[in-house]
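Below you'll find the structure, written out as structure tokens, and then a few comments.
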Amino acid sequence: MAEVSLKNIVKLYGDVRAVDGVSLDIHDKEFVTLVGPSGCGKTTTLHMIAGLIELDGGDILIGKNNVSELDPKDRDIAMVFQNYALYPHKSVRDNLMFPLRMRKIDKTTAEQRVNRASKILSIEQLLDRKPKQLSGGQQQRVALGRAIVRDPAVFLMDEPLSNLDAKLRVQMRTEIKHLQQELQATMIYVTHDQIEAMTMSDRIAVMDKGKVQQFGSPDELFNRPNNVFVAGFIGNPPMNLIPAQIVSEGGSKKLRMGQITYAPQTGRVHDLMNKAAGEKVIVGLRNTAIQMVAPGTAGSILTEVYTVEPTGDVTYVQTNIGDKMCTISSPDVAYRGRLGDPLSLRIDENRLYLFDDLSGKAIL
Amino acid sequence: MLKQIWKHRWDYPYLLPALGVMGLLIVYPFFYTIFLSFYDTPSSRPEIFFIGLDNYRELFNDTTFQLVVKNTIVWSIFGTLCPFIVGFLAALLVNQKLRGLNFARGLMIVPYAMGFVPASHAWRWILHGDFGVITGTLQSLGLIKDSIPFLQQASLIMPSLIMINTWKSFPFVMIMLYAGLQTIPEALYKAARIDGASSWSQFWEITIPQLSNVLMVTTMLLFIGNMNQFTLIEIMTGGGPASLSEIIVTWIYHASFQTLRFGLASAASVLLFLVLIVFSIFYVRALTRSAVQGG
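Those protein sequence lines, which keep their order, are chains B and S. All residue numbers for the first sequence refer to my numbering, where the first residue is 1 and numbers rise by one. All residue numbers for the second sequence refer to my numbering, where the first residue is 365 and numbers rise by one.
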């Protein structure tokens with residue numbers, strides 16, 4: 001196992017900077033996820049680590065070695081692909097043997113490793129089948145098996161769960177995380193699904209437009225987002241981001257969100273407003289930072305119900321705050337308001353974020 | 365089943381015209397050829413005479429026909445192998461992501477797009493011993509003194525014909541295999557590169573097995589097409605000189621319409637049919653297998 005360092009790596013496609021100076025230090029035995037919307041450069045970054053895509057700038061170190069110029073086979077990595085990329089004409093056993101055979105590992109050792117891997121993944125009974133005869137989940141296990149027989153320094157996973165159905169995805173999520181801990185492996189995982197990223201990773205790199213927007217633990221990303229993009233991307237439902245203006249009324253600063261003028265109660269929000277560079281800001285509020293309160297509660301704002309979405313254990317209420325559709329969690333799961341029902345909302349100011357409207361950066 | 369047939373009883377009459385045409389053009393000649401192969405059909409008389417297996421006996425004992433069979437085997441095997449190798453290499457080449465390949469791809473299809481008749485006529489003149497452009501060029505460059513009679517000299521006839529068939533048929537192989545290559549998922553090669561496979565191993569471990577059905581179908585089509593190749597040989601050499609380039613189909617044509625031995629020609633046709641049906645079975649198997657496996 002080994003640490004992986006990306007030093008300012010760049011990939012250009014014509015004028016497009018697909019990967020634009022990404023630097024990451026990934027520790028030994030760490031589970032790191034690259035997450036972001038499609039086209040953000042996460043898969044390109046992973047393929048650059050694998051050596052499948054050449055670098056246009058920067059360096060990649062695995063362990064102490066600079067592998068930037070090396071062939072994929074010389075990088076001591078294994079990769080699991082989105083569509084598994086199992087060799088369709090080979091049996092499961094031959095698929096698992098293939099990387100060992102290519103590396104001229106003697107047959108007895110190879111067979112031992114294949115047996116060990118198939119035991120870990122409980123695919124012993126599938127060894128003589130062809131990939132086509134397997135279900136999606138089983139194919140996924142074989143793909144994982146082909147990666148672990150090699151005992152590589154680093155595992156690379158390219159959206160390995162996105163072809164599975166929702167239920168199986170949750171199950172395999174648990175298994176991959178368990179596997180990573182059992183094997184004490186360094187794992188770099190790519191997904192567009194922030195829940196996968198949050199649940200599996202030691203640290204997450206959120207990417208957008210070829211750049212790392214923030215690199216940190218799931219808690220850090222959730223509770224201390226660097227910018228509007230990370231705030232909106234991490235968390236389900238996503239953070240409510242409401243355009244607002246800082247106005248002075250009666251000698252104190254207030255936040256005007258559409259028709260609503262909100263007078264912050266705490267010094268913390270006043271500090272944040274004072275630090276803002278311009279008048280225009282974006283107010284960030286998680287669904288749990290807006291509470292439904294009794295009508296007439298001091299400091300509350302008034303809105304109306306747009307829709308109510310019960311999910312079983314949580315009931316979400318959609319409402320317009322300052323011309324922006326926001327999602328809040330009802331404290332009462334059984335709440336079933338109708339369109340137009342009045343709502344009184346109180347903002348938890350300790351969990352209010354302000355972002356600069358122009359740069360999108362968090363005001364801290 | 366019966367219920368279904370009864371339900372569609374008024375639909376069947378619509379098939380009659382097509383069935384009639386097929387019957388007239390395929391079924392009737394097929395059985396009539398088998399029938400004729402047991403008869404002597406003297407050109408001087410209107411009657412035909414039943415002679416049992418005599419036509420077949422004659423064929424097996426005829427030294428010319430033995431030469432024709434030998435020619436057919438050589439022609440079919442090398443006429444398949446050479447275009448196959450050239451076409452495969454061309455397919456691998458055009459499958460690369462290189463500049464200018466679209467143009468090359470288009471250019472390489474030209475021989476295939478050209479009709480067999482004009483191409484054969486053109487090559488007959490290009491290869492002509494006295495007036496041919498190849499001999500002429502080599503002579504004017506001073507490389508040879510005597511003309512090269514490509515289509516007259518025993519040792520050169522078959523190689524010349526096979527070369528022209530290669531030129532004419534390799535684009536077919538190229539198109540088929542190129543289409544096959546395009547269906548191989550890129551991810552397999554990526555996985556193989558990570559697994560440590562060299563380009564050579566990737567070719568043998570991924571490309572060939574993934575292409576196996578297309579390879580089989582292409583070879584069979586080419587092989588059957590070659591066994592039935594009449595135009596090229598008839599135009600370029602007419603099977604001559606001295607039957608040196610005669611293959612079974614041209615021989616059948618000459619036996620029927622030049623020497624008017626319909627019975628003997630029918631017997632040869634039946635034999636050719638039996639050989640072709642065996643290859644057709646392989647072909648259909650390869651096709652259905654590729655349909656089941658999805659290539």
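Think of the CB as a built atom: it goes at the ideal place given N, C-alpha and C, for glycine as much as any other residue. Just so we're clear, the structure is a prediction, and the values are computed from it rather than from any experiment.
Note to self: Can you pull the chain B neighbours of S:Lys554, defined as C-beta to C-beta under 9 Å?
What the structure shows: Per Cβ cutoff of 9 Å: His47, Ala50, Leu52, Pro72, Met79, Phe81, Ala85.
Kindly identify the DSSP beta-bridge partner or partners of S:Lys461. DSSP output for S:Lys461 lists no bridge partner at all.
Whole alpha helix (DSSP H) elements within the stretch 235–281 of chain B, 4-residue minimum: DSSP runs (the alpha helix (DSSP H)) wholly in the stretch 235–281 of chain B: 267–275.
Whole-angstrom Cβ separation of B:Gly340 and B:Glu304, contact assumed at under 8 Å? At roughly 5 Å, the Cβ-Cβ gap stays under 8 Å, so B:Gly340 and B:Glu304 are in contact.
Examine the Cβ distances between the stretch 593–611 of chain S and the stretch 619–629 of chain S and report whether three or more of them are shorter than 8 Å. In short, these stretches do not touch, since the Cβ pair count stays below three.
Note to self: Just to make sure I have the definition right: I need the residues of chain B whose C-beta is within less than 7 Å of the C-beta of S:Ala706. Which are they?
What the structure shows: As displayed, chain S neither begins before 365 nor continues past 659, which places residue 706 of chain S out of reach and without an answer.
B:Ser23, enclosing beta strand (DSSP E) - first and last residue: Following the DSSP letters along the chain, one finds B:Ser23 inside the beta strand (DSSP E) bounded by residues 16–26.
Distance between beta carbons of S:Gly560 and B:Met102, contact taken as under 8 Å | The pair is a contact, with the Cβ atoms about 4 Å apart (cut-off 8 Å).
Going by beta carbon distance, what residues of the same chain come within less than 8 Å of B:Ile9, once the five residues before and after it are set aside?
Answer for B:Ile9: Val19, Gly21, Val22, Ser23, Thr45, Met48, Leu55, Gly57, Gly58, Asp59, Ile60, listed in chain order.
Tell me the residue span of the beta strand (DSSP E) that contains B:Ile328. It spans 324–329 - the beta strand (DSSP E) in which B:Ile328 sits, taken as one unbroken run.
Buried or exposed for B:Asn226, please, with buried defined as at least 16 other CB atoms from any protein chain shown within 10 angstroms of its CB.
-> Answer is buried; the Cβ neighbour count reaches 16.
CB of B:Ser162 within 8 Å of CB of B:Arg129, strictly:
Against a cut-off of 8 Å, the Cβ pair of B:Arg129 and B:Ser162 comes out as no contact.
Check your understanding: How big is the Cα-Cα spacing for S:Leu471 and S:Thr499?
Key -> Between the alpha carbons of S:Leu471 and S:Thr499 lies a gap of roughly 25 Å.
Exercise for the section: Using the Cα positions of S:Arg653 and S:Val578, report the straight-line distance between them to the nearest angstrom. Expected result: The alpha-carbon atoms of S:Arg653 and S:Val578 are separated by roughly 10 Å.
Measuring straight from C-alpha to C-alpha, what distance separates B:Phe233 and S:Leu545?
Roughly 40 Å separates the two Cα atoms.
So which residues on chain S does B:Pro99 lean against when the C-beta distance must stay under 7 Å?
Near B:Pro99 (Cβ distances below 7 Å), the residues of chain S are Asp559, Gly560.
Using CA coordinates, which residue listed in S:Ile437, S:Lys367, S:Ser504, S:Leu586 is at the minimum distance from S:Ile449?
-> Ranking the options by Cα distance to S:Ile449, first place goes to S:Leu586.
Please classify B:Arg169: is it buried, with 16 or more other beta-carbons within 10 angstroms of its beta-carbon, or exposed?
-> When all chains shown are included, B:Arg169 counts as buried.
**3 or more residues per run - each beta strand (DSSP E) lying fully within the stretch 279–348 of chain B** = Fully enclosed beta strand (DSSP E) runs of no fewer than 3 residues occupy 280–285, 290–293, 301–310, 315–321, 324–329, 342–347 of the stretch 279–348 of chain B, in order along the chain.
Exercise for review: Within the same chain, show all residues whose beta-carbon is closer than 6 Å to that of B:Val394, passing over the 5 residues directly before and after it, in chain order.
Suggested key: Outside the displayed range of chain B (1 to 364) lies residue 394 of chain B, so it cannot be described from this structure.
Counting beta carbon pairs with one atom in the stretch 369–380 of chain S and one in the stretch 309–325 of chain B, are three or more of them shorter than 8 Å? No, they do not touch.
CA-CA distance, S:Ala468 and S:Phe646? Approximately 33 Å, taken between the alpha carbons.
S:Asn425, enclosing alpha helix (DSSP H) - first and last residue: Here the alpha helix (DSSP H) through S:Asn425 covers 418–425.
Going by C-alpha to C-alpha distance, which of S:Phe626, S:Ala632, S:Leu636, S:Leu651 sits closest to S:Ser408?
Per the Cα distances, S:Phe626.
message = Does any residue of chain S have a CB that is nearer than 8 Å to the CB of B:His89?
response = Interface with chain S (8 Å Cβ-Cβ cutoff): B:His89 is included.
So what does B:Leu369 bridge to, in DSSP terms? Past the boundaries of the shown model lies residue 369 of chain B; chain B is included only from 1 to 364, so the question cannot be answered.
Review point. Name the residues in the stretch 564–581 of chain S whose C-beta lies less than 9 Å from a C-beta of chain B; which are they?
Key: Look at the stretch 564–581 of chain S: the residues with a C-beta under 9 Å from a C-beta of chain B are Ser565, Glu569, Ile570, Pro573, Gln574, Ser576.
For S:Gly658, which three-state DSSP category applies? In this prediction, S:Gly658 scores a pLDDT of 44, lower than 50, which makes its location untrustworthy; no coordinate-derived value is stated.
**Request:** Identify, in the order they occur along the chain, each residue of the same chain with its Cβ nearer than 8 Å to the Cβ of B:Gln139, setting aside the five sequence neighbours on each side.
**Result:** Spatial neighbours of B:Gln139 in its own chain (CB-CB distance under 8 Å, excluding positions within 5 residues in sequence) are listed in chain order as Tyr84, Leu86, Pro131.
Notebook entry, point to check: Taking Cβ positions, are S:Leu541 and S:Thr582 nearer each other than 8 Å?
Noted result: Yes, they are a contact pair.
From S:Ile473 to S:Trp568, what distance separates their C-alpha atoms?
For S:Ile473 and S:Trp568, the distance between alpha carbons rounds to 27 Å.
Subject >> Interface partners of S:Ala551 on chain B, CB under 7 Å >> reply: Correct list: Phe81, Asn83, Ala85.
For my contact list, S:Leu558 and B:Ala277 are in at a C-beta cut-off of 8 Å; report their separation, rounded to the angstrom.
Note that residue 558 of chain S is Ile in the sequence shown here, rather than Leu. About 47 Å separates the two Cβ atoms, so there is no contact after all.
Going by the DSSP bridge assignment, what does B:Phe31 pair with across the sheet?
For B:Phe31, which the question treats as bridged, DSSP gives the partners B:Met187.
message: Whole angstroms are fine: how far does the CA of B:Ile246 sit from the CA of B:Val314?
response: So the two alpha carbons sit approximately 33 Å from each other.
### Query
Could you check where the beta strand (DSSP E) with B:Tyr87 kicks off and where it finishes?
For B:Tyr87, there is no enclosing beta strand (DSSP E), as DSSP gives it neither H nor E.
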